[in-house]
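Asker:
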Amino acid sequence: MFAHLLLPFEGKERSEISMTPIRREVRTLVRLAIPVAVAQLASMTLWMVDVVMVGRVGVDALAASSLGRSWIMATVVLGMGLVFGIDPIASQAFGARDRKRLSLSVQTALVVAGAASLPVGLSWLGTQKGLEWLGQEAHLSQLAHDYVLVQLPGLPFFLAFIAIQHWLQGRGIMRPAMWVTFAANGINILANWVLIFGKWGFPALGLLGAGIATSITQIFMPLALLFLVRRYRLGRGGWLGWSREALKLRQIRPMLVYGFPVAMTVGLELWAFALTTVLSGVIGKVELATHTIVVTLASLSFMLPLGISIAAVTRVGNLVGARETEKAKRAAWVAFGLGAGVMVVSAVVFIAGRHTLPLWFGASREVALLSALILPIASAFQIFDGIQVVGAGILRGLGRTRPAVVFNFIAYYVLALPLSCWWIFVHKGGLGGLWWSMCLGLGVVAVLMMLWVWRRWPEDLPQKLTSESSTIGS
Numbered sequence: 002m003f004a005h006l007l008l009p010f011e012g013k014e015r016s017e018i019s020m021t022p023i024r025r026e027v028r029t030l031v032r033l034a035i036p037v038a039v040a041q042l043a044s045m046t047l048w049m050v051d052v053v054m055v056g057r058v059g060v061d062a063l064a065a066s067s068l069g070r071s072w073i074m075a076t077v078v079l080g081m082g083l084v085f086g087i088d089p090i091a092s093q094a095f096g097a098r099d100r101k102r103l104s105l106s107v108q109t110a111l112v113v114a115g116a117a118s119l120p121v122g123l124s125w126l127g128t129q130k131g132l133e134w135l136g137q138e139a140h141l142s143q144l145a146h147d148y149v150l151v152q153l154p155g156l157p158f159f160l161a162f163i164a165i166q167h168w169l170q171g172r173g174i175m176r177p178a179m180w181v182t183f184a185a186n187g188i189n190i191l192a193n194w195v196l197i198f199g200k201w202g203f204p205a206l207g208l209l210g211a212g213i214a215t216s217i218t219q220i221f222m223p224l225a226l227l228f229l230v231r232r233y234r235l236g237r238g239g240w241l242g243w244s245r246e247a248l249k250l251r252q253i254r255p256m257l258v259y260g261f262p263v264a265m266t267v268g269l270e271l272w273a274f275a276l277t278t279v280l281s282g283v284i285g286k287v288e289l290a291t292h293t294i295v296v297t298l299a300s301l302s303f304m305l306p307l308g309i310s311i312a313a314v315t316r317v318g319n320l321v322g323a324r325e326t327e328k329a330k331r332a333a334w335v336a337f338g339l340g341a342g343v344m345v346v347s348a349v350v351f352i353a354g355r356h357t358l359p360l361w362f363g364a365s366r367e368v369a370l371l372s373a374l375i376l377p378i379a380s381a382f383q384i385f386d387g388i389q390v391v392g393a394g395i396l397r398g399l400g401r402t403r404p405a406v407v408f409n410f411i412a413y414y415v416l417a418l419p420l421s422c423w424w425i426f427v428h429k430g431g432l433g434g435l436w437w438s439m440c441l442g443l444g445v446v447a448v449l450m451m452l453w454v455w456r457r458w459p460e461d462l463p464q465k466l467t468s469e470s471s472t473i474g475s
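See the structure below:
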């Protein structure tokens, strides 16, 4: 009854038959991207709800939750990146109609998710010492440590959800994860209300309650997704049953080869922006508040090109697997155009709303005025951000995940961050210079991504894929 809400649209409308190849590609990518973008926005809502509800407990609880969340994201991103190694394997296997490789891909991804949970979990045990080493107050570090530790049970489930989600996405099935994320928001709100404020006979646990609620939500998500897979037979064509081959090194190694560069790429970018938050705090409290508002707005708009990026992973990977190399290249350039296009719209919104958007966050007059100066810079930043995240998706679909590591390292750690430090500590400049520096970094990544696709597109990819398939699928 509800299968049509989960499965991708497979028919062709009459109007689509007469479309140009580019218009058909746009339609295909948009159909894939919309459910992903909505799911990503819903994922952000999980965190925003926590902020709102923990904020009612007190300032210390809110500050500690922010520190704990930062520590979690800075570490779990490595586990997520490793699991993302499923992307080129699953998407190309689907395009090649290789059911065995598809089935093994999700099993191997689940093995990698479980294994990655161990080092990430161990890093969470050092939350307090790590935060104190970074100069945070001992009291807040202790609170953040406890908040992080109660989320340990949900960690392997969170990574398992990503593995199953990306297995489905590699086959163009985007909607189930979206519906599960919607349901997870309801679970999270209810669990927060009960555990933070002590409802239905439960003790009021405050910040710890929020952490436990997050863990419960993360346990729910993969179980709900598996229920949908079984209930609506979403494994058809991509599941052949459990196999011990998924535990063998020859299956795990390709996923790690693809996934480790993705982990480093995402980590380098996330850590760079975390450092910009620290640097903005060095300038002053008003600058830190302004930076937080603008980054939050940028993060919301980023969900749109992120959806296109994941759609590009699927589309490019499927076409490469089917040995349609020229169509894959066309899909890549269309994805670049869509990524830039949606961010042009965001840029216009940022400029037009530069005086009103900060007021949504209850900004003071000082913060609102400074935000109005920074948002136009963020507009240029947006366009580059849209292009670079789509480029990363294209490279993942191709199975060429290493160049993005080099691009991000050069852009952020050779150019943008050193320039930001010079601007703040030597020139004694303000927040504008920090944002222009990061805009430069994103611009460099965006240009390098496009140059790679233009100049380095692997024309012999079908032959290389054949040799890789014999290794991955054997």
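The number in the working numbering is simply the position in the sequence shown, starting from 1, with 1 added. Glycine included, C-beta positions come from ideal geometry on N, C-alpha and C.
1. Looking only at its own chain, which residues have a Cβ that is under 8 Å from the Cβ of Ser244, when we skip the five neighbours before and after it?
2. Cutting at 6 Å between CB atoms, please list the residues of its own chain near Pro262, excluding the five before and the five after it.
3. Where Lys328 and Ala247 are concerned, what is the direct C-alpha to C-alpha distance, given to the nearest angstrom?
4. Beta carbon of Val195, beta carbon of Leu156: below 8 Å?
5. Determine the closest residue to Leu1 out of Lys130, Trp423, Ile384, with distance taken between C-alpha atoms.
6. Please report the Cβ distance between Ala332 and His356, rounded to the nearest whole angstrom; I am assuming they are in contact, meaning their Cβ atoms lie under 8 Å.
7. Whole-angstrom Cβ separation of Gly82 and Gly282, contact assumed at under 8 Å?
8. By the three-class DSSP mapping on this structure, what secondary structure does Ala313 have?
9. Closer than 8 Å by C-beta to Ile425: which residues in its own chain qualify, once you throw out the five before and the five after it? Chain order, please.
10. Have a look at Thr182 and Ala43 and give me their C-alpha separation to the nearest angstrom.
11. Which ranges would you report for the alpha helix (DSSP H) in the region 356-411 if only whole runs of at least 4 residues count?
12. Kindly confirm or deny that the region 155-175 and the region 195-207 touch, where touching means at least three C-beta pairs closer than 8 Å.
13. Secondary structure at Ala417, three-state DSSP: helix, strand or coil?
14. Quick check: the Cα distance between Val415 and Ala192, rounded to an integer number of angstroms?
15. Out of Pro22, Ile388, Val55, which one is the CA nearest neighbour of Leu209?
16. Whole angstroms is fine: what's the gap from Tyr233's alpha carbon to Pro223's?
17. Does DSSP put Arg245 in a helix, a strand or coil?
18. Among the residues of its own chain, which have a CB less than 7 Å from the CB of Leu360, if the five just before and after it don't count?
19. Considering only C-alpha positions, which residue in the set Ala290, Gly127, Ile220 is nearest to Arg186?
20. Just to confirm my understanding: we take Glu288, look at its own chain, exclude 5 residues before and 5 after, and list those with CB closer than 6 Å. What are they?
21. Look up Met20 in the DSSP assignment and say whether it is helix, strand or coil.
22. Let me know the secondary structure DSSP gives Tyr233 once reduced to three states.
Answerer: On the basis of the supplied data:
1. Within the sequence shown, residue 244 is the residue found at index 243, counting from 1. So the qualifying residues of the chain are Ser104, Leu105, Gln108.
2. To locate residue 262, count along the sequence shown from 1; it is residue 261. In its chain, beyond the 5 residues on either side, Thr402, Arg403, Val406 have a beta carbon closer than 6 Å to the beta carbon of Pro262.
3. To locate residue 328, count along the sequence shown from 1; it is residue 327. To locate residue 247, count along the sequence shown from 1; it is residue 246. Rounded to whole angstroms, Lys328 to Ala247 spans 31 Å at the Cα level.
4. Here residue 195 refers to the residue found at position 194 of the sequence shown. Here residue 156 refers to the residue found at position 155 of the sequence shown. No. Outside cutoff.
5. Here the chain covers residues 2 to 475 and nothing more, so residue 1 does not appear.
6. On the sequence shown, position 331 is the one that residue 332 refers to. On the sequence shown, position 355 is the one that residue 356 refers to. The beta carbons of Ala332 and His356 sit about 39 Å from each other, so the pair does not count as a contact at 8 Å.
7. On the sequence shown, residue 82 is found 81 positions in, with the first residue counted as 1. On the sequence shown, residue 282 is found 281 positions in, with the first residue counted as 1. Beta-carbon to beta-carbon, Gly82 and Gly282 are separated by about 27 Å, too far to satisfy the 8 Å threshold.
8. Within the sequence shown, residue 313 is the residue found at index 312, counting from 1. Here Ala313 sits in helix by DSSP.
9. What you label residue 425 is simply residue 424 of the sequence shown in a count that begins at 1. Cβ within range, chain order: Leu280, Val283, Ile284, Gly434, Leu435.
10. Counted from its first residue, the sequence shown places residue 182 at position 181. Counted from its first residue, the sequence shown places residue 43 at position 42. Rounded to whole angstroms, Thr182 to Ala43 spans 6 Å at the Cα level.
11. If only uninterrupted alpha helix (DSSP H) runs of at least 4 residues are considered, those enclosed by the region 356-411 are 366-399, 403-409.
12. Output reads no: the region 195-207 does not touch the region 155-175.
13. Walking along the sequence shown from the start, residue 417 turns up at place 416. If DSSP states are grouped into helix, strand and coil, Ala417 belongs with the helices.
14. As a working mapping, residue 415 is identified with position 414 in the sequence shown. As a working mapping, residue 192 is identified with position 191 in the sequence shown. Between Val415 and Ala192, the C-alpha separation is close to 44 Å.
15. Taking the sequence shown and counting its residues from 1, the one referred to as residue 209 is at position 208. Cα-wise, what sits closest to Leu209 is Val55.
16. As a first step, residue 233 must be located in the sequence shown, where it is residue number 232. As a first step, residue 223 must be located in the sequence shown, where it is residue number 222. Roughly 15 Å separates the two Cα atoms.
17. The residue labelled residue 245 in the question sits at position 244 within the sequence shown. Correct three-state label for Arg245: helix.
18. Residue 360 sits at position 359 when you count from the first residue of the sequence shown. Around Leu360: Ala369.
19. Numbered from its first residue, the sequence shown carries residue 186 at position 185. The amino acid at residue 186 is misidentified as Arg; the sequence shows Asn. Checking every option, the nearest Cα to that of Asn186 belongs to Ile220.
20. As a first step, residue 288 is located in the sequence shown; it is residue number 287 there, counting from the start. Contacts found: Ser281, Leu432.
21. Residue 20 sits at position 19 when you count from the first residue of the sequence shown. Coil at Met20, not helix or strand.
22. Counting from one through the sequence shown, the residue named residue 233 turns up at place 232. Correct three-state label for Tyr233: coil.
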